[in-house]
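These notes are about the structure you will find just below.
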Amino acid sequence: MAQDAGAFRLEVGVFPIHHMTFASETRYQDGTLSIDRVALLAALAEPRVMANLEIHLAHPGEACRIVHVLDTVAPMVKVQGRSTVYPGFFGTTMPAGNGRNHLLRGAAIIVCATFPDPTSGALSPAEATIDMGGPAAPYCACSDTVNVVLVCHPAPGVTNADFDAALHRVKLRAAVYLAGATAALTPPVVETYELHPVDPALPRVVYVDQLHQQGLMAQTFLYGKHTQGLEPTLIHPNEMLDGALVNGNYRAPGRAATYAHTNNFIVRELYRRHGHEVNFLGVVIGRGWQDSQMLKERQGWMMARIARLLGAQVAMISADVGGTGGNNTIDFMQTIKACEQMGLQTVAVMQESGNPDGSDPTVVDFVPEASALVSVGGIGWHTPAAPAVERVIGGTTVQPSIAEDPRDASGPLAVECWYGAIWKRAELGLSAVDA
Amino acid sequence: MADVLRVVHYLNAFFGGVGGEAEAHTPVSVHPGALGPGRLLEQALAGQGQVVATLMCGDGYFADQEEAVVEHVQAHWQTLKPDVFIAGPAFRSGRYGLACGRLCLEAERLKIPAVTGMHVENPGSDLYRPEHLYIIATEASAVGMRPALERMAALAIKRGRCQPIGTAAEEGFLSRAVRRTVHTGTPAAIRAVDMALKKWRGEPYISELTVETFEVIPPAPPLSDPSKALVALVTEAGLVRKGNPDRLPAAAATHWASYHVGGMDRLVAGEWDAVHGGYDNTAALQDPNRVVPLDALRELERDGVIGKLLDDVFVTVGNMGSLNAMKRIGAEIAAMLVQRGVQAVVLPAT
Chain U
1 MAQDAGAFRL EVGVFPIHHM TFASETRYQD GTLSIDRVAL LAALAEPRVM
51 ANLEIHLAHP GEACRIVHVL DTVAPMVKVQ GRSTVYPGFF GTTMPAGNGR
101 NHLLRGAAII VCATFPDPTS GALSPAEATI DMGGPAAPYC ACSDTVNVVL
151 VCHPAPGVTN ADFDAALHRV KLRAAVYLAG ATAALTPPVV ETYELHPVDP
201 ALPRVVYVDQ LHQQGLMAQT FLYGKHTQGL EPTLIHPNEM LDGALVNGNY
251 RAPGRAATYA HTNNFIVREL YRRHGHEVNF LGVVIGRGWQ DSQMLKERQG
301 WMMARIARLL GAQVAMISAD VGGTGGNNTI DFMQTIKACE QMGLQTVAVM
351 QESGNPDGSD PTVVDFVPEA SALVSVGGIG WHTPAAPAVE RVIGGTTVQP
401 SIAEDPRDAS GPLAVECWYG AIWKRAELGL SAVDA
Chain L
436 MADVLRVVHY LNAFFGGVGG EAEAHTPVSV HPGALGPGRL LEQALAGQGQ
486 VVATLMCGDG YFADQEEAVV EHVQAHWQTL KPDVFIAGPA FRSGRYGLAC
536 GRLCLEAERL KIPAVTGMHV ENPGSDLYRP EHLYIIATEA SAVGMRPALE
586 RMAALAIKRG RCQPIGTAAE EGFLSRAVRR TVHTGTPAAI RAVDMALKKW
636 RGEPYISELT VETFEVIPPA PPLSDPSKAL VALVTEAGLV RKGNPDRLPA
686 AAATHWASYH VGGMDRLVAG EWDAVHGGYD NTAALQDPNR VVPLDALREL
736 ERDGVIGKLL DDVFVTVGNM GSLNAMKRIG AEIAAMLVQR GVQAVVLPAT
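Protein sequences, first through last, are from chains U and L. In this text, residue positions in the first sequence follow the numbering used here: the first is 1, and each later residue adds one. In this text, residue positions in the second sequence follow the numbering used here: the first is 436, and each later residue adds one.
Spelled out as structure tokens, the structure:
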């Protein structure tokens, strides 16, 4: 084979999407993707597990609301190379981060569903809503992409676990099918991702990424396997770009998404500066939400030691793409502490919590070593309520809090946090100051 | 043309010009117009405000007679009707800072906008910043009098006129446990790597979040005789009657509920729901006694280890609880328990 599987050189052919429509055949032309809905349904159908699959389109600016959002995925397909995108879910998994992908930029697949069996507590999906237009849209992830929305309904008798597994398969197959429309085309732009050797005087920087993993409904997959027992390990940023991390976390609407892993904000920035201002070494991943104080402290050290053994001098740290609102703040702070005590300079990106007006201590745990923090503000702070909409995809009622009754999904809506709020706030440049 | 703001100024006896031994024990007094540094303050107000009266008190006297002084000052405010109250600046003087902080807090409670000034390490700063008071950051000593008064005057005018207040950095006050969303115009990743490079190069940088220290709560003294004690079960585990009749939320609770358990030896599965969004509720739903151990406490009651268990349990949801809301909830439940003669509380956590 011409290419060494360990080269970690990934080319991404980028096809911009401005519009999508249903048509008699699936075809990409001049920024428009036409979709053969029947063919797509046939490619995705899982009649044993899914009774019914709806496919809708939503464009930025429409007076359209998408409810019961579980995840969002970037449409991409590997056109050259021996792996696949989203490895671990299709066939053989190794190795990822090489070859050439085609990516539909400006598009996203959104998967919406309600699980068949009721849940409560931590392992429960929370309502997550996207407004495509109106005052809340800027604060919603995927309000600025052309979206293919898959609304999935469970078959009778299917368990939550089996339905969830099917949701992952369906959304990822959709990603590959749609991007596959460009497989034979020449991309207008090709981006190359490679950590070439750089000036050794540049600071050696590692990205330390704490993943969300607690159990069903709150998980992250690495190469197709959930990360419940994951000990911190090293991955190449190209593996993230290739979809090695897939999201199965439906807690808290502000959460990370598969899209936010393949399009990770810190990875993009470190790649941009690689060779100019930094020497980007790689990514350390581990899971947060460890179950005891001992395990949380241990987690910090287990993350830091990988970074240190790599020879990193600087660590950029984030959790759930900025999501540090619950007890995983403790794991997060322990990681900062351990990295600093192992001699790394750290900067950590986090969210704040507390009252919407900010008049409450906004961090539930801290360490003195956490002296360089970037804040995206509080997840729901100062975000607008939304007016009634013309069209709702995904359901007819919403229940943003279990303490309130479900209400008409098309009516005016005020929620504490819109979908993907944390990574959206990171992209928008929102922060908070003492006032 | 805007009205001239009526300003009442508070000084300690030292700055008020009373010297020597007498100074610390001077009782509270009121003087027309400005005294001592109050004259500089009036200059800084530049016609926007007038110091109509100065309240003065020795720091030692204040420390010994705090409540009486507060009452006196409240009475003076009633008569003087200030638009704005300004106290200090206290610099690093601890008792003075505590006095300024307390009086500003009382002013705010009466809806009189208040501004003080002190050094960040003044004990008054630690105690009163969490109360959201406006405290201008000053130098450690009176060397910094002029800039302190200038900033205090500027802020006092804004507060007195209900004008928009800038950020802590812009106005020069100490962080007061209030956060405001801002649009930085720069994505978080760029800000983060910029900050990392500054840190790496040893250049100064400003963290976007500085963590506050938390209050240390000393534990209550131990029970002298548990076998005679009335004990209550209080929990943040979100265990509620089936159907969640009191609508406790899965997170960020602002209220609590109580449920009668008199006559029950144990909690029965199916009669209770667990709504706390921070732990997997499966085990709790299978056997609610795992989370609220009524069965174990009944055993202790029967064996005489505790005197009696209160026949109501008190419940809220601690998940993502706002500190201030939880303080209030705790105080409300505690008041109820004290009223009912409870002497000890068992708090199963999650």
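The C-beta atom is built at its ideal place from N, Cα and C for all residues, glycine as well. These figures come from a predicted structure and were not determined experimentally.
- Message: Using a Cβ distance threshold of 8 Å, determine whether the segment 277 to 291 of chain U contacts the segment 676 to 688 of chain L, with at least three qualifying pairs required.
- Response: no
- Item | Sheet register partners of L/C492 (DSSP bridge) | Per DSSP, L/N447.
- Query: Is it the case that the Cβ atoms of L/A667 and L/G742 are separated by a distance below 8 Å?
  - Reply: no
- Message: Tell me whether the segment 222 to 239 of chain U and the segment 184 to 203 of chain U touch, counting them as touching only if at least three CB pairs, one residue from each stretch, are closer than 8 Å.
- Response: Cβ pair count under 8 Å is three or more, so yes.
- Query: Are any of the Cβ atoms in chain L nearer than 8 Å to that of U/N493?
  - Reply: No answer is possible for residue 493 of chain U: it lies beyond the span of chain U, which begins at 1 and ends at 435.
- Message: Helix, strand or coil, according to DSSP, for L/M436 in the structure here?
- Response: Caution applies to L/M436, whose pLDDT of 48 falls short of 50 and renders its modelled position unreliable; the value that the coordinates give is listed next. Here L/M436 sits in coil by DSSP.
- Message: Taking contact to mean 3 or more Cβ pairs, one atom from each stretch, closer than 8 Å, check whether the segment 110 to 117 of chain U and the segment 66 to 77 of chain U are in contact.
- Response: yes
- Task: With 7 Å as the C-beta to C-beta threshold (strictly closer), list the residues of the segment 621 to 646 of chain L near chain U in chain order.
- Result: T621, P622, A623, A624, I625, R626, A627, V628, M630, A631, L632, K634, W635, Y640, S642, E643, L644, V646
- Message: So if I threshold CB-CB distances at 8 Å, which residues from the segment 255 to 274 of chain U count as touching chain L?
- Response: Within the segment 255 to 274 of chain U, the residues whose Cβ lies closer than 8 Å to some Cβ of chain L are F265, I266, R268, E269, L270, R273, listed in chain order.
- Message: Under 7 Å: does the beta carbon of L/D518 sit that close to some heavy atom of the ligand ZN?
- Response: Absence of the ligand ZN from the depicted structure is noted, as is the absence of any ligand whatsoever, leaving it without description.
- Tell whether a beta-carbon distance below 8 Å holds between L/H711 and L/V748. no
- How would you list, in chain order, the residues of chain U whose beta-carbon sits under 7 Å from the beta-carbon of L/S610? Under a criterion of Cβ atoms nearer than 7 Å, the residues of chain U adjacent to L/S610 are, in order, D434.
- Which residue spans inside the segment 506 to 551 of chain L form an unbroken beta strand (DSSP E) run of at least 3? 519 to 522
- Item | Run of the beta strand (DSSP E) containing L/D629, from where it starts to where it stops | Note, L/D629: premise wrong, no beta strand (DSSP E); alpha helix (DSSP H) at 623 to 636.
- Task: Within its chain, find whatever has a CB closer than 8 Å to the CB of L/M436; leave out the 5 residues flanking it on each side and keep chain order.
- Result: Bear in mind that a pLDDT of 48 at L/M436, under 50, signals an unreliable position, so the number given afterwards is only what the model happens to contain. Excluding residues within five positions, none has a Cβ falling inside 8 Å.
- So, using beta-carbon positions, are U/F89 and U/G224 closer together than 8 Å? yes
- Who are the Cβ neighbours of L/L540 in its own chain at under 7 Å, not counting the five residues just before and after it? Y563, E566, L568
- Message: Against L/A709, what residues of chain U qualify as contacts under a CB-to-CB distance less than 8 Å, listed in chain order?
- Response: S120, G121
- Taking only beta-carbon positions, decide if L/M436 is within less than 8 Å of chain U. Bear in mind that a pLDDT of 48 at L/M436, under 50, signals an unreliable position, so the number given afterwards is only what the model happens to contain. No, because no Cβ of chain U sits closer than 8 Å to the Cβ of L/M436.
- Item | Buried or exposed (CB count within 10 angstroms, at least 16 for buried), L/L758 | buried
- Under 8 Å between beta-carbons, which chain U residues line up against L/Y714? List them in chain order, please. G121, A122
- Amino acids of chain L, ordered along the chain, whose beta-carbon sits closer than 7 Å to that of U/V347: A627, M630, A631, K634
- Query: Cβ of L/L590 within 8 Å of Cβ of L/V550?
  - Reply: In contact: L/L590 and L/V550 (Cβ atoms closer than 8 Å).
- Task: Could you tell me whether the Cβ atoms of U/V151 and U/I330 are closer together than 8 Å?
- Result: no
- Mind checking which residues open and close the beta strand (DSSP E) that includes U/M441? Because chain U in this structure spans residues 1 to 435, residue 441 of chain U falls outside the shown range and cannot be described.
- List, in order along the chain, the chain L residues whose C-beta lies closer than 9 Å to that of U/I402? N679, R682, L683, P684, A685, V710, G712
- Query: Skipping 5 residues on each side, what residues in its chain have a beta carbon closer than 6 Å to that of L/R733?
  - Reply: D700
- Listed by chain order, chain L residues near U/M316 by CB distance under 9 Å: A624, A627, V628, A631
- What does L/N759 reach in chain U if we use C-beta pairs closer than 9 Å? By Cβ distance, chain U contributes G354, N355, S359, D360, P361.
- Query: To the nearest whole angstrom, what separates the beta carbons of U/F8 and U/G97, a pair I think is in contact under 8 Å?
  - Reply: Correct: roughly 5 Å between the Cβ atoms.
- Would you give the residue range spanned by the alpha helix (DSSP H) that L/N759 belongs to? 758 to 774
- Item | Cutoff 8 Å: L/T461 Cβ touching any chain U Cβ | Not closer than 8 Å to any Cβ of chain U, the Cβ of L/T461 fails to qualify, so no.
- Return the Cβ separation of L/V443 and L/L490 in integer angstroms, given the expectation that the two are a contact with Cβ distance under 8 Å. 6 Å between Cβ atoms; contact.
- Task: Verify the CB distance criterion: does L/V465 have a CB-CB separation below 8 Å to chain U?
- Result: With respect to chain U, the C-beta atom of L/V465 has no partner C-beta closer than 8 Å.
- Item | Option nearest L/L658 by Cα separation, candidates L/V780, L/P467, L/D722 | Residue L/V780 is the option with its Cα nearest to L/L658.
- Task: Please check if any C-beta of chain U sits within less than 8 Å of the C-beta of L/T573.
- Result: no
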